[in-house]
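These notes are about the structure you will find just below.
If you want it as structure tokens, here you go:
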């Protein structure tokens, strides 16, 4: 079983917001804190200040603004009304707080309501939600580990980027995607979902994807309102606009899931591991997401980390666990410390080790297990069962 972060879509009331750029500036750059756990997913955090108090927020386009209940109480934020929180797999009531000022570097967002959540399941003080996209263009450069905020009135899309049309939505960033050959499926672009693609139950049921659940390894997703069982699989292709990502890992929910995954409104959540293959521009004014791949090509093969889920132990990058059936499962064990990747000393941070693993189709590792050093050779292969949505299934 593995535990993955799926934050909530928060049904907060719409409150008018103003955003202020420093005079004469059209863009502001912020450090982007990237927690890359390899095949365990990617989380993006930014440093902010909330009513003058320093905080670190998870960037989550699948949710509205939210703040940790404990943080809000400690800093005496003004509590407002009870809200309905619609999580990805659960629904629950929640409190809310009024935020007078949220600063991201020298950019300030004023006057909004933030839902109250328990952030103990992820590293952060709250969620930087989709409201920010109505106020400015948000660029994510994971290679440089920067978030860049652009003045929306003066932003020009990059010439080499591919456009994905965004749909009008309340509280999330939605688009149409082609999932395993099934076109025009409404999906949420969800940077708060650390993993790849979460296929919702109505889509799974309609296309017969869990007709034989014994084919799949079960795992668990955990969100702010509860957990749900999912089944790991793979789609041959996923299309966003004219960009095609091949061999995409997906998680299938079953009939036990509630919340957004049971509603029938959406077919899937497109998570951060899938999106991390691109440089991204969220352009709310033009109702567009712009994608640029490192190679400039429209067809992008998905690159995993051989099934390794990474973690840190002090200064060491270690194996948290390996996914069932993956190339790494019979060769590595939890707590193995990664010393070398392809003949080079392992970088000292998660994101760099994960990036190094994704580069190679065959890679030699040196790991430390207890007091012993071991050499391990991994070869890339598909281990997740392929699912092909059936157009006529019910």
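Residue numbers (the working numbering): 2 to 395.
The beta-carbon is built from N, C-alpha and C at its ideal position, and this holds for glycine as well.
Cβ-Cβ distance between residue i and residue j below 8 Å
| i | j | result |
| --- | --- | --- |
| residue 128 | residue 78 | no |
| residue 158 | residue 243 | no |
| residue 338 | residue 369 | yes |
| residue 379 | residue 364 | yes |
| residue 260 | residue 385 | no |
| residue 300 | residue 245 | yes |
| residue 187 | residue 268 | yes |
| residue 210 | residue 253 | yes |
| residue 358 | residue 176 | no |
| residue 166 | residue 288 | yes |
| residue 144 | residue 20 | no |
| residue 292 | residue 241 | yes |
| residue 326 | residue 218 | yes |
Whole-angstrom distance between residue j and residue i, CA atom to CA atom
| i | j | result |
| --- | --- | --- |
| residue 199 | residue 153 | 30 Å |
| residue 14 | residue 98 | Reliability of the predicted coordinates at residue 14 is poor, the pLDDT of 44 falling under 50, and the value obtained from them is presented with this limitation in mind. The alpha-carbon atoms of residue 14 and residue 98 are separated by roughly 11 Å. |
| residue 184 | residue 311 | 34 Å |
| residue 295 | residue 238 | 19 Å |
| residue 340 | residue 348 | 9 Å |
| residue 111 | residue 62 | 19 Å |
| residue 39 | residue 313 | 12 Å |
| residue 146 | residue 352 | 10 Å |
| residue 12 | residue 172 | The pLDDT assigned to residue 12 is 48, lower than 50, so where the model puts this residue is not dependable; a value taken from the coordinates is nonetheless given after this. Going by the C-alpha atoms only, they are around 7 Å apart. |
| residue 391 | residue 53 | 53 Å |
| residue 8 | residue 262 | Annotation note: pLDDT 49 at residue 8 (below 50); position unreliable, coordinate value reported separately. Approximately 13 Å between the Cα atoms of the pair. |
| residue 16 | residue 315 | Confidence in residue 16 is poor, its pLDDT being 43 and thus under 50, which makes the residue's placement unreliable; the coordinate value appears in the next sentence. Using only the alpha carbons, I get a separation of about 42 Å. |
| residue 258 | residue 71 | 28 Å |
| residue 282 | residue 151 | 10 Å |
| residue 388 | residue 201 | 14 Å |
| residue 229 | residue 264 | 15 Å |
Close-in-space but distant-in-sequence residues of the same chain around residue i (CB under 6 Å, 5 per side omitted)
| i | result |
| --- | --- |
| residue 270 | 189, 191, 194 and 199 |
| residue 104 | 50 |
| residue 156 | 138 |
| residue 334 | none |
| residue 101 | 52 |
| residue 236 | 181, 249 and 251 |
| residue 169 | none |
Chain C contact for residue i (CB, 8 Å cutoff)
| i | result |
| --- | --- |
| residue 76 | Chain labels in this structure do not include chain C; a single protein chain is all it has. |
Proximal residues to residue i (C-beta, below 7 Å), its chain only, five neighbours per side dropped
| i | result |
| --- | --- |
| residue 197 | 249, 250, 251, 272, 274 and 275 |
| residue 382 | 328 |
| residue 132 | 18, 65, 66 and 113 |
| residue 82 | 97 |
| residue 23 | 107 |
Contact set for residue i: own chain, Cβ-Cβ below 8 Å, skip 5 residues either direction
| i | result |
| --- | --- |
| residue 3 | Residue placement at residue 3 cannot be trusted, given a pLDDT of 41 that sits under 50; the coordinates are not used to answer. |
| residue 330 | 308, 323 and 324 |
| residue 47 | 31, 32, 33, 34, 57, 58, 60, 105, 129 and 148 |
| residue 297 | 161 |
| residue 346 | 340 |
One or two residues paired with residue i in a DSSP bridge
| i | result |
| --- | --- |
| residue 230 | 221 |
| residue 302 | 247 |
| residue 280 | 293 |
| residue 322 | 310 |
| residue 363 | 380 |
Taking 8 Å as the threshold, find out whether the region 304-311 comes into contact with the region 19-33 through three or more Cβ pairs.
Flag = no, the region 304-311 and the region 19-33 do not touch.
Any contact between the region 103-116 and the region 50-70? By contact I mean 3 or more CB pairs, one from each, below 8 Å.
Enough Cβ pairs lie closer than 8 Å, so yes.
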